[in-house]
Amino acid sequence: MKTNSKRLAVLIFLFMFSMTFAQKNFQGKAYYQTKTALDMSRFGGRQMSEDQKKRIATRMKSMFENVYVLTFNQIESIYKQEEKLDAPGTGSGRWRSMMSSFTVGNLYKNVKEQTLLQDHEFFGKQFLIKDSLPQLKWVMENETKQIGKYTCFKATAIKTNTEFDFNRFRRPPDREGNKEKDSANTQTQSIKKETPDLIEVVVWYTPQIPVNQGPGEYWGLPGLILEVNEGRTTILCSKIILNPEEKDDIKKPSKGKEVSKEVYNAIVKKKTEEMRENFRRGDGRPGGRRR
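In the working numbering, the protein residues as written are 4 to 294.
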């Protein structure tokens with residue numbers, strides 16, 4: 004009964020405010036905060052102390068705590084990261100230098116045309132990813148929760164994880180360890196490369212804002228997605244502005260060599276594997292010499 008009552012209340016709310024979203028010049032802004040929990044347990048091998056791991060985790064943490072703004076209407080959206088100042092102690096170092104080689108630009112989605120555009124800079128080269136919107140098979144749940152003043156419904160999906168994995172840069176298991184153990188680890192890594200990583204995505208969307216949009220590549224639900232939980236990453240909406248006085252142009256990214264997401268991921272994978280080998284040969288230092 005409680006679930007039915009909540010659904011009825013949401014339907015009444017949607018009816019009352021349907022004219023707002025039916026306006027031709029309707030626009031909204033949603034602010035999202037992202038956080039990623041880092042797994043440092045396998046990072047660096049035995050050559051790195053726990054204190055060193057903690058210091059690196061602290062520096063890397065700031066890279067994954069960002070604020071994004073999603074500007075949307077009924078058909079289009081643009082997802083932009085807000086600029087921020089680097090925290091003291093995070094402006095230099097190998098890991099900061101490595102991460103600065105990956106610059107992710109604005110992400111444009113058009114739900115009517117089912118298209119996605121995003122510009123990336125990767126080791127000095129500009130790419131324009133042009134692809135169709137990902138088609139996740141959402142399972143809509145009855146569970147609800149409140150995010151701010153909005154009633155949100157839960158939805159889940161399984162997706163193939165193609166995101167960058169920092170564990171690719173960790174050192175070999177143990178140069179002085181058991182060779183059989185190293186061989187077993189190598190076989191396990193080989194199996195993982197052949198099997199795509201599947202990951203569960205849990206989102207919370209609100210029918211009170213009936214637009215088919217969400218942060219990042221997420222979309223496809225009867226309401227704005229306010230929260231995403233994907234693996235160790237959480238994206239949470241902190242503020243929403245509907246019909247702001249000053250409206251922004253939702254411009255398509257246009258710079259860079261046009262590639263599909265699959266092709267771009269293949270380029271990134273090849274380059275990161277090369278870097279991993281350089282780290283291994285150089286004892287963890289780019290361009291370093293063997294001992």
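No residue lacks a Cβ here, since even glycine has one placed at the ideal position from N, Cα and C.
Note that this is a predicted model, so its numbers are computed, not measured.
| query | result |
| --- | --- |
| Stretch pair the segment 70-82 + the segment 113-123: three plus CB contacts closer than 8 Å | yes |
| Which listed residue (135, 122, 106, 211) has its alpha carbon closest to that of residue 147 | 211 |
| Any non-hydrogen atom of the ligand ATP closer than 7 Å to residue 215 Cβ | With respect to the ligand ATP, the structure shown offers nothing to examine, as it has no ligands at all. |
| Terminal residues of the alpha helix (DSSP H) in which residue 269 lies | 264-284 |
| Close-in-space but distant-in-sequence residues of the same chain around residue 129 (CB under 6 Å, 5 per side omitted) | 258, 259 |
| Opposing strand residues paired with residue 32 [DSSP bridges] | 74, 244 |
| Residues near residue 261 in its chain [Cβ-Cβ closer than 7 Å; skip 5 each side] | 131, 133 |
| Residues sharing a beta bridge with residue 112, DSSP | 80, 119 |
| Beta-carbon proximity check, residue 226 vs residue 208, cutoff 8 Å | yes |
| N- and C-terminal bounds of the beta strand (DSSP E) containing residue 228 | 227-233 |
| Sequence-distant residues of the same chain with beta carbon closer than 6 Å to residue 300, five excluded per side | Any question about residue 300 goes unanswered here, given that the chain covers just 4 to 294. |
| Residue interval of the beta strand (DSSP E) (run including residue 215) | Per DSSP, residue 215 belongs to no beta strand (DSSP E) and is neither H nor E. |
| Pair within 8 Å by beta-carbon distance, residue 347 and residue 230 | In this structure the chain extends from 4 to 294, so residue 347 is not present and cannot be described. |
| N-terminal and C-terminal residue of the beta strand (DSSP E) that residue 145 is part of | 142-150 |
| Beta-carbon separation (whole angstroms), residue 240 vs residue 40, contact threshold 8 Å | Actually they do not touch by this definition, with Cβ atoms about 19 Å apart. |
| Helix, strand or coil at residue 134 [DSSP, three-state] | strand |
| Close Cβ partners of residue 203 (< 7 Å) along its chain, the five nearest in sequence each way excluded | 159, 161 |
| Distance, residue 54 Cα to residue 109 Cα | 36 Å |
| Cβ separation of residue 256 and residue 120, assumed to be a contact under 8 Å, to the nearest whole Å | 5 Å |
| Spatial distance of residue 35 from residue 242 (CA atoms) | 7 Å |
| Proximity of residue 118 and residue 139 at Cβ, strictly below 8 Å | no |
| Separation of residue 284 from residue 142, as counted between CA atoms | 46 Å |
| Host beta strand (DSSP E) of residue 207 (start-end) | 201-209 |
| Neighbourhood of residue 179 by C-beta, 6 Å cutoff - its chain only, sequence neighbours within 5 removed | Reliability of the predicted coordinates at residue 179 is poor, the pLDDT of 44 falling under 50, and no value is obtained from them. |
| Which listed residue (281, 220, 215) has its alpha carbon closest to that of residue 71 | 220 |
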